[in-house]
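One structure is given here, and the rest of the page talks about it.
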Amino acid sequence: MSGELKDIAHYGPALCVKFSETYPQYTFVAMGPFMQVYNYKTGELINRARVFSANKVHGFNFSKDGAMCVLYGSKSIAFCKTQDLLTREDFSKDEKMFAEWITDAAFSFTGEQVYILTCYNLVVVTDLEGNIQARRNLKNERSILYSGSIKVLSEERVLINAGTVFGGVLIWDLLKQEKIHNLTGHEGSIFYVVVSNNGKYVASCSDDRSIRLWDMESGKQLSIGWGHTARIWNLKFFNNDSQLISVSEDCTCRIWDVVAESGATSLVMKNIYETHLIKNVWGVDVNETEALAVTSGNDGRVKLIDLKQTSRVGDEVRSFNITNLPSNSPLSIEKGEIFKGFYWFNFGLVAITSLGNILKFTEATGTWEILMRDERLVSYSLTHGISTASGNVALFANNKCDLLLLNFSKDGQTIKSKNSLHLDNLSKSCNTMITAYQDEYCLVTVESPNPRDKFAVLQLNVDTLEIVHEFNFAKPDNFVSSCLAVYQQYLIVGGRFGAVAIFDMRNTDADAYVMRQLCPGDTTTSIEYIEERGADILLSVTNRDGFYNFTKVNLDKLASREGIAHEIIHSNKVMKGFLEGAFYNESGEYITYGFKSSLFYMYNEKNCYEIASEVCGGAHRQWKLCDLGDGQGYMLVYIKAAELYMRKIYTAAFPETLESGLHGREIRDISIMPERLPWQYSPENGYLFVTGSEDTTVRLGKYSPETGAVVNYWMERRHVSGLQRLRFISDSLVVSCSAREELFLWTVNTEFQSNPYMHIRQTLPTQSTHPDLRIMDFDVLFNAAGTGDFALATVYSDSSIKVWWYSNASNGFIELWSNRYQTCCILNTSFVVLQGRIFLLIAATDGYLSLYDISREVDILHATEDTRTVRFVNEAFGAIASTSGPAFTLRVHKSGIKTMDVARTKAGAATVRVVTGGDDNAISLTQFNCSASGELSGTVCSMVSDAASSTVTSTQLLPGATQVLSTSVDQRVRLWDITPDNQLSLRASKYTTNADTGCCDIVQTENSHHSLLIAGVGLSVWKC
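Residue numbers for the sequence shown, in UniProt numbering: 1 to 1024.
The following block contains the structure:
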């Protein structure tokens, strides 16, 4: 029997983050009541130390020599040696309490004292043990502060920068206790105030979304910085006070230049970085030595930002005008000649002009030269390329079936081979593409706009560029090619309208296998082979309208053409913009790229952050993204305003995140896959789990119950409203529901090594064309025949109840039965089998538990000995619109029943126990009985009316149904024993740092231990 509750790890809002000059390789992060220390160069978590027993760490500061650290949060404060933060696990015994809310704390210039600023603009001076030595305040001033900071400039000058709730900024001298300035101009509360290191400037931010720069000497407002689209939470001067960094509720981090010229000083926005998800970046700091910023936010992410992303190496950005290209000899560029295409190789760029001139840029020398001229390529041409071990091949093509192929040496100094081709069997060409094939070949495809023409494929030797084989395939109806991939003898071609065609090069007479509408939307923009598993291969397919999926193709079925050979195992949509391609990088992270208006972006889809962006004019410009090779990064080449730009996007020199974070908003529900996955995916020997959030997303991840390590894999964006419930209903199926009558059945696939995948298998039909109801809860009973069919019960916010049958064979839901309880919202539901009869139990906002006799009205469902399965008698039937009331009702709570869990009954059982928690702060244990004649009765066996000091949000029966775990809004996790006489007895209670604690799930591990996931605004891993 479990008795002790122990927290293993926590992931939640990170309120403060700092670098240390004394420990230059470390980043210190305040997350919940913990201080977490990371080596930012490797991403390794060095130590996790509990600072406070309950309160969150809101901020911390180091002494001037870096030896000491003061940490504060709410009314709590602690002092410790910085070295101890690297090794000790618990400082909570050193926690000291103050009578007022602490807004900042800082060491004196000598480090012998600590100044503590409270919310009433009072500074308490203490020694390093926390003993109060003095109290200082601004005479005749007792403002209520929303924020504040302490700036220690010298032994004689300490400035208190107080941001009031009424929009004023009070600057006063601590030692003299004299007011220096009352800075007014903001509208709304002041969220942060900071003084520059030289004491020359003051910067403040407020509810009005502006940053204001003030002159310390005169108190004059120098400049207003506009740009953030939401409240600004934090500011910091850096780079000799010539720059300012800000973070905001809009999830961005912005760099501002403090520009002083012509007698005026202004704030000029220099850079914008999208760093966090959904809402609120709280903390920021800058490592000036490394030109590295770090932010922390409400999503629990700790994000590193390279402030020299476009200048660290020195060759990141280059631009050229065709009329003035650097060269060793004059270039014959005519007036009006422009770039028409290009491709980047390791040695440099090969380009073609509108007059058919082939140019080469050699990166080593920084010079251009004209290689040749091809009159066939004047005006219109397409340019592609590939790099293989055998050479670097550039392909140029026009719309008259003419091709020019050049094979360059590794250093690009010589053209090893050249081939000029014309395809006589095509009347015209509209698209030409190239891809590497095996080790020494490449495949070139040429498509004609004439649907009667063949789809021509040339197999060439890369070294000699001689044609080895020519294939001519019948083109599928209504198919226009757009991208290309190859696997073994199969040529995989993407096309318009989400179509993908697979051609067998061993059988050119066979029709292509066509997969249509793989993604909603228009053109397929990229296809990537991912991996092979037995007879299955996995493909990544992207669509310009922002959709991507992973498609499994069975090669046996593909060869025999027996049935459908493909299956989508993962699908999703990018957050915004057009999607041009995607791939797995060397770290196994799925990277997408495309355009948001005129902005090119690269995005880490696994961890949900932007890698790089470039203003380049948009997707309709000429552009190419090429691999730099050897894991160095990528080269973006594009034309903008008649200039050719080369932007190198290097692989980050530092880990881009120290913590990936979870949701940016409250987690509404969480569910753990019952089966442990010992070796598949990181972390090892862990469990897959899913979370559903108020931010409308569903996340799939994996965690280790031993270490608490959590790895995110996907964030699904298919729901359009906040999640209500989600749950694993088997080892491969998940159901999630939300508002707008959304209920999705997801399939979770763990066949492949690259990642687990999830895909919406089916959606539940809605009651109307404009659905506005919330599906509050659901439950399932599987078909005992093992066909994958199941009965599904759903309850709605308007008191509706429905029972459905899901057919696995036809992949569809059929409505069996519907009813209406009353006029209140139904919050919970569960199937219950008693005396061989199927009942549906519901819990509503009126505090009643009610049982409906499903067996009486739905005679095609029959209970089995396994009380979590049913038998389905497949006879002709129609949906039953029942008007009968509940078979039995029982008042349990005084108000809404927020949570409910039902003990699994045994075959032929006559009783069932139900644990509930409500808005009345109570937990109850209720028992229902069914006699042999079918008569129902119920009793509240145990009612703990003061089980919590606020709403009970979750009750979970532990395996064996002898203990109950409860969570509540008061952030207490409680473990209850169920005594033999059916009474609830409190066994353990522990505080969780998760605000809005709303859900939990439990899985039994080895040795009868239990692993717990507790979620709210954050996620905690516990055990008991």
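Where a beta carbon is used, it is the ideal one built from N, C-alpha and C, also for glycine.
Every value quoted in this text rests on a predicted model; they were computed, and no experiment measured them.
Beta-carbon contacts of residue i that lie in its chain and below 6 Å, excluding the five residues immediately before and after
i: residue 890; result: 849, 938
i: residue 782; result: 790, 869
i: residue 655; result: 43
i: residue 646; result: 318, 637
i: residue 595; result: 577, 578, 618, 619
i: residue 633; result: 649, 650, 651
i: residue 828; result: 777, 843, 900
i: residue 846; result: 824
Minimum C-alpha distance to residue i - residue among the options
i: residue 844; options: 537, 819, 898; result: 898
i: residue 77; options: 83, 87, 58, 86; result: 58
i: residue 1028; options: 494, 461, 470, 904; result: Residue 1028 is absent from the structure shown; the chain starts at 1 and stops at 1024.
i: residue 52; options: 984, 424, 32; result: 32
i: residue 378; options: 200, 403, 234; result: 403
i: residue 1007; options: 423, 776, 706; result: 706
i: residue 158; options: 166, 188, 106, 201; result: 106
i: residue 920; options: 81, 528, 952; result: 952
i: residue 762; options: 773, 809, 694; result: 809
Residue i versus residue j - alpha carbon distance
i: residue 570; j: residue 720; result: 18 Å
i: residue 470; j: residue 437; result: 14 Å
i: residue 351; j: residue 369; result: 10 Å
i: residue 356; j: residue 340; result: 9 Å
i: residue 873; j: residue 732; result: 25 Å
i: residue 1003; j: residue 9; result: 16 Å
i: residue 17; j: residue 430; result: 55 Å
i: residue 878; j: residue 860; result: 11 Å
i: residue 462; j: residue 434; result: 11 Å
i: residue 385; j: residue 406; result: 9 Å
i: residue 457; j: residue 589; result: 33 Å
i: residue 696; j: residue 722; result: 4 Å
i: residue 392; j: residue 413; result: 11 Å
i: residue 255; j: residue 194; result: 15 Å
i: residue 35; j: residue 360; result: 54 Å
i: residue 606; j: residue 587; result: 11 Å
i: residue 701; j: residue 954; result: 21 Å
Assigned exposure category for residue i - 16 Cβ within 10 Å defines buried
i: residue 994; result: buried
i: residue 317; result: exposed
i: residue 175; result: exposed
i: residue 629; result: exposed
i: residue 489; result: exposed
i: residue 13; result: buried
i: residue 97; result: exposed
i: residue 886; result: buried
i: residue 422; result: exposed
i: residue 623; result: buried
i: residue 906; result: exposed
i: residue 1009; result: exposed
i: residue 552; result: buried
i: residue 830; result: buried
i: residue 976; result: buried
i: residue 615; result: exposed
i: residue 673; result: buried
i: residue 72; result: buried
Residues of its chain near residue i, where Cβ-Cβ distance is below 8 Å and the 5 sequence neighbours each way are ignored
i: residue 818; result: 800, 801, 802, 803, 879, 880, 881, 882
i: residue 26; result: 19, 20, 37, 38, 39, 40, 46, 86
i: residue 322; result: 333, 337, 338, 339, 353, 642, 644
Close beta carbons around residue i, own chain, < 7 Å, minus the five adjacent residues each side
i: residue 496; result: 480, 482, 522, 523
Alpha helix (DSSP H) runs contained entirely in the segment 437-461, provided each spans 4 or more residues: none
Uninterrupted beta strand (DSSP E) stretches inside the segment 671-742 (no shorter than 3 residues): 687-693, 698-703, 710-716, 723-728, 733-738
Quick one: which unbroken beta strand (DSSP E) runs of 3-plus residues sit fully inside the segment 90-163? Chain order, please. 102-107, 114-118, 122-126, 132-137, 145-152
Could I get the ranges of all uninterrupted alpha helix (DSSP H) runs contained in the segment 531-569, with 4 residues as the minimum, in chain order? 555-560
Any beta strand (DSSP E) of 3 or more consecutive residues that is wholly inside the segment 782-812: 790-796, 800-807
Where are the beta strand (DSSP E) runs, 3 residues long or more, that stay fully inside the UniProt repeat "WD" (183-224), in chain order? 190-195, 201-206, 211-215
4-residue-minimum alpha helix (DSSP H) runs that sit fully inside the segment 393-442, ordered along the chain: none
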